[in-house]
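Okay, structure first, notes after.
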């Protein structure tokens, strides 16, 4: 890690908080006051992805940004100590939200795997979800006509993929290199994105996330994804904002059309020249859009249990 570097301290000026999950330290940011906004990252990013948005929204909201176990500043345990699968990720998020005892309905901001984790939590607690912000993500199976890209298939299904991801950190390094298309990241920023994944063991979550992509009914997370997909219709009346980098080679137009089918009320903002890391690629445009979106839809109080 390079957390002592001046660049890291200036880019990520937050207090770290930790929740004990059965002996594992689950790192999260908890900044500001007001209606709660929970931001969920994907793979291979971490809470660092949301740093600029968190700084801005924390002026009016309580912003909570966890690092999934194995990611960012959270612990990176071996498989013997942690089940690196979707259901466990949702359980972790549920533990955190219950621990914080948030008094109002929640706004979810999600990217990549954060969409599946966040919407799986929302399916368990539909009365708790107030607003939804989606960025290049999914909460359903691969859309019709979309195949898993070869690079992901190699990482998911082969020993070569294990060697490349855990041995060379290739997944995180490549994502940081190609994730921004409009505004390529300088080397120092790419290093900060990749810095939590600095050895073989610390890259376990990066690999396990890819291996957990459910493609067949026998895959461990397939049934849960099916349940989430079938449950999306209950959110067709809540405010939804979609921000989409159109140069994402994984979460492409197939996924965007699927979201528009499930949540037709969504306001959609397309960024034709941006990649998968759309928030990093178009920071100055996206932050005001999200800020204005939240102002348009004031929250109700959480219903009594």
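Residue numbers (the UniProt record's numbering): 1 to 305. Glycine included, C-beta positions come from ideal geometry on N, C-alpha and C. Bear in mind that the values here come from a model prediction, so they are computed numbers and not experimental data.
Report the rounded CA-to-CA distance for residue 208 versus residue 126, giving the unit in angstroms.
As a first step, residue 208 must be located in the chain shown, where it is residue number 208. As a first step, residue 126 must be located in the chain shown, where it is residue number 126. Between residue 208 and residue 126, the C-alpha separation is close to 28 Å.
Bridge partners for residue 106 per DSSP, in chain order?
One-based indexing of the chain shown puts residue 106 at position 106. The partner list for residue 106 (beta bridge, DSSP) reads 129.
Straight-line Cα distance separating residue 160 from residue 200:
Here residue 200 refers to the residue found at position 200 when the chain shown is read from its first residue. Here residue 160 refers to the residue found at position 160 when the chain shown is read from its first residue. Their Cα atoms are separated by approximately 14 Å.
In chain order, each alpha helix (DSSP H) run of at least 4 residues that lies wholly inside the region 171–238
187–194, 204–211 and 222–231
Excluding sequence positions up to five away, which residues of its chain have a Cβ less than 8 Å from the Cβ of residue 24?
What you label residue 24 is simply residue 24 of the chain shown in a count that begins at 1. For residue 24, where only same-chain residues beyond five positions count, the Cβ hits under 8 Å are 69, 74, 75, 77, 81 and 82.
Pick from 50, 176 and 144: whose alpha carbon is nearest that of residue 63?
As a position in the chain shown, residue 63 is number 63, starting the count at 1. If we check each option's Cα against that of residue 63, 50 comes out closest.
Unbroken alpha helix (DSSP H) runs of length 4 or more, entirely within the region 1–29: which are they?
6–11
Sufficient close CB pairs (3 or more, under 8 Å) joining the region 238–253 to the region 192–199:
Not touching, per the Cβ criterion.
Buried or exposed, going by whether 16 or more other CB atoms sit within 10 Å of the CB of residue 136?
Counted from its first residue, the chain shown places residue 136 at position 136. Classification of residue 136: buried, given that the 10 Å Cβ count is 16 or more.
Residue 215 versus 205, 163 and 157, residue with shortest Cα-Cα distance:
Sequence index remark: in the chain shown, residue 215 carries index 215 (1-based). Ranking the options by Cα distance to residue 215, first place goes to 157.
Which of helix, strand or coil does DSSP assign to residue 303?
In the chain shown, residue 303 corresponds to position 303, counting from 1. Confidence at residue 303 is low in this model, with a pLDDT of 49, below 50, so the placement of that residue is unreliable and no value is reported for it.
If you draw a straight line from the C-alpha of residue 287 to the C-alpha of residue 188, how long is it?
To locate residue 287, count along the chain shown from 1; it is residue 287. To locate residue 188, count along the chain shown from 1; it is residue 188. Roughly 23 Å between the two C-alpha positions.
Which residues does DSSP list as the beta-bridge partners of residue 245?
Position 245 of the chain shown, counted from the first residue, corresponds to residue 245. Paired residues: 271.
Thinking C-alpha only, which one of 22, 285, 67 and 275 is nearest residue 252?
On the chain shown, position 252 is the one that residue 252 refers to. Residue 275 is the option with its Cα nearest to residue 252.
Give me the Cα-Cα distance between residue 222 and residue 255, rounded to the nearest whole angstrom.
Looking up residue 222 in the chain shown gives position 222. Looking up residue 255 in the chain shown gives position 255. Cα to Cα, residue 222 sits roughly 17 Å from residue 255.
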